[in-house]
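Trainee: Residue numbering for the sequence shown follows my numbering, starting at 2 and increasing by one per position.
For each residue, glycine too, the CB sits at the ideal point set by N, CA and C.
As the structure is a computational prediction, the values presented were derived from the model and not from experiment.
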Amino acid sequence: MRLAVVGTGYVGLVTGACFAEMGNHVVCVDKDQAKLKQLQQGHVSIYEPDLDEMVQRHLASQRLSFTDDLSRALEECQVVFIAVGTPPTEDGSADLSAVVSVSAQIGQLINEYKLVVCKSTVPVGTADIVANTILTAIEDRGVNIDFDVVSNPEFLKEGDAVHDFMRPDRIIVGTESERAEQLMRELYRPFARHHDKIQVMSRRDAEMTKYAANAMLATKISFINEIANICERVGADVEKVRQGIGADERIGYSFIYPGCGYGGSCFPKDVQALIYTGKSHGFEPILLESVQARNQAQKQVLFEKIHHYFNGELADKTIAIWGLAFKPGTDDMREAPSIDLINALVNAGAKVRAFDPVAMETAQQVFPQEWMKQGKLTFIEDQYEVLRDADAMALVTEWKIFRQPDFERMADLMKMLVIFDGRNQYQAGIFGESKLKYFSIGMK
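(1) Assuming A1 and I320 form a contact by the criterion Cβ under 8 Å, report the distance between their Cβ atoms to the nearest whole angstrom.
(2) Measuring alpha carbon to alpha carbon, tell me which of K438, H195, F380, F356 ends up nearest F403.
(3) Quick one: what does DSSP say Y212 is sitting in, helix, strand or coil?
(4) Give every residue of the same chain whose Cβ lies closer than 6 Å to the Cβ of R205, excluding the five residues on either side of it in the sequence, and list them in chain order.
(5) Which residues in the same chain as V56 place their Cβ atom closer than 8 Å to its Cβ, once the five residues preceding and following it in sequence are excluded?
(6) Let me know the secondary structure DSSP gives I172 once reduced to three states.
(7) Using the three-state DSSP reduction, which class does L40 fall into: helix, strand or coil?
(8) How would you write the range of the alpha helix (DSSP H) that K401 sits in, first residue to last?
(9) If you follow the alpha helix (DSSP H) that D149 is part of, which residue opens it and which one closes it?
(10) Verify whether the separation of the beta carbon atoms of N296 and Y263 is less than 8 Å.
(11) Pair every Cβ in the region 364-379 with every Cβ in the region 297-305, then say whether three or more of these pairs are closer than 8 Å.
(12) Going by Cα to Cα distance, which pick from F421, P358, K318 is closest to F440?
(13) If we count Cβ pairs, one from each stretch, closer than 8 Å, do we get three or more for the region 192-204 versus the region 249-260?
(14) Taking the straight line between their C-alpha atoms, what separation do you get for V131 and S104?
(15) Could you tell me whether the region 144-155 touches the region 173-185, where touching means 3 or more Cβ pairs closer than 8 Å?
(16) Spatial neighbours of A229 within its chain, please: C-beta separation below 7 Å, excluding the five flanking residues on both sides.
(17) Look up I322 in the DSSP assignment and say whether it is helix, strand or coil.
(18) Who are the near neighbours of L60 in its chain, counting only those whose CB is closer than 6 Å to its CB and skipping five residues on each side?
(19) Just to check my reading of the structure: G160 and I139 have Cβ atoms closer than 8 Å, yes? What is that Cβ distance to the nearest angstrom?
Encoded structure:
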């Protein structure tokens with residue numbers, strides 16, 4: 002098939018590259034000239050395993066191209082995906098201005114049947130808005146052109162997005178149109194050869210499925226973090242508790258790892274948007290508000306532990322940070338727990354030295370530049386050198402290279418081997434109680 006993908010952010014770029022991988026011809030459209038120039042040269046600005054190689058391969062095969070010309074892209078395609086951003090507004094609702102703008106342009110430009118697919122994460126009812134916007138633009142032209150709008154949400158994990166797209170566990174298609182359903186089945190057929198993974202439902206069902214999925218996962222994380230806080234206060238070990246409840250197949254082990262809070266572009270934004278949706282329809286989403294509140298509080302837990310250990314005297318202390326990205330496998334710093342921790346430490350007078358194997362460049366754009374000029378925050382390119390003369394280390398992101406570190410070397414570099422483990426990667430006795438002071442989440 003010939004496809005157009007509007008938006009070359011995280012979702013749009015992965016979508017375009019993976020469809021090209023299956024033999025389709027894909028034109029990705031964006032108005033950001035600097036980004037387009039980079040992509041046309043095969044340079045991917047986001048870190049996502051296997052994505053840059055895939056983009057380069059299909060630029061060479063000419064199955065993937067990048068342009069700012071939406072008109073040309075629409076002329077050549079059968080299916081157009083809308084994959085633009087929907088950032089949160091101040092009241093928590095999703096900003097649909099980019100989605101509506103693209104929809105209007107589609108209505109102004111198409112001259113024959115097109116299948117328009119909403120890939121962006123959007124509130125329930127957005128596909129109806131897209132359809133009405135396109136229809137209005139067509140009617141304003143005084144013509145009669147048929148089209149369909151489908152909701153097809155993505156379920157990609159950052160750091161594993163290419164694998165998730167190529168081997169989906171389900172493909173949600175929201176449509177009441179038989180023609181649209183058949184086109185979507187044909188498009189996704191190569192991704193579902195083992196068994197039928199396509200679930201067809203209404204557009205509103207599909208939109209709600211995306212929000213509900215992310216809200217459920219966020220709920221599991223906040224739940225286990227709540228349990229971890231109780232465990233600390235009653236002398237229980239949350240790791241033992243986690244294993245005990247995870248063995249129950251009704252619960253399972255996934256997403257019940259205690260830590261210093263969730264972040265990223267999806268969970269915080271989508272929980273907030275679902276809260277707004279409930280309230281805007283006269284419903285008080287008590288559980289979702291609690292999930293959000295627990296996560297915000299959890300992002301302060303590491304700082305509170307460090308602050309307590311040093312008796313509130315952080316002015317002359319140096320704290321090393323291992324991990325900046327909101328999760329392993331990405332350079333995404335959006336809503337990362339490391340931001341809350343570093344902000345709190347610097348504001349309390351501590352000096353911070355930070356290392357991340359991927360997100361260093363992205364992180365430097367997040368914090369005030371004067372902090373770096375004044376030596377309050379320093380980014381170090383080596384995971385051990387960042388520990389030199391540190392009074393303590395906080396592990397925030399559970400990258401694999403942090404799982405079995407050289408504790409002897411750490412002890413030699415640090416003033417004292419004090420570890421605040423925000424992801425429960427280690428055990429208190431791993432190095433020897435006399436030398437290691439170890440603090441984790443939800444353990445005795």
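Mentor: Considering the structure as presented:
(1) This structure does not reach residue 1, given that the chain is present from 2 up to 445, and the question cannot be answered.
(2) F356
(3) helix
(4) V125
(5) L14, A18, L40, G43, V45, L65
(6) strand
(7) In the structure shown, L40 falls within a helical segment according to DSSP collapsed to helix, strand and coil.
(8) That residue, K401, is in no alpha helix (DSSP H); it is neither H nor E in DSSP.
(9) First-last for D149: 148-152, but that is the beta strand (DSSP E), not the alpha helix (DSSP H).
(10) Taking 8 Å as the cut-off, the beta carbon of N296 is found closer than this to the beta carbon of Y263.
(11) no
(12) F421
(13) When Cβ pairs closer than 8 Å are counted between the two stretches, the region 192-204 is seen not to touch the region 249-260, the count staying below three.
(14) 6 Å
(15) yes
(16) Hits under 7 Å: V239, P259, I442, G443.
(17) strand
(18) G43
(19) Contact flag wrong, Cβ pair sits at about 41 Å.
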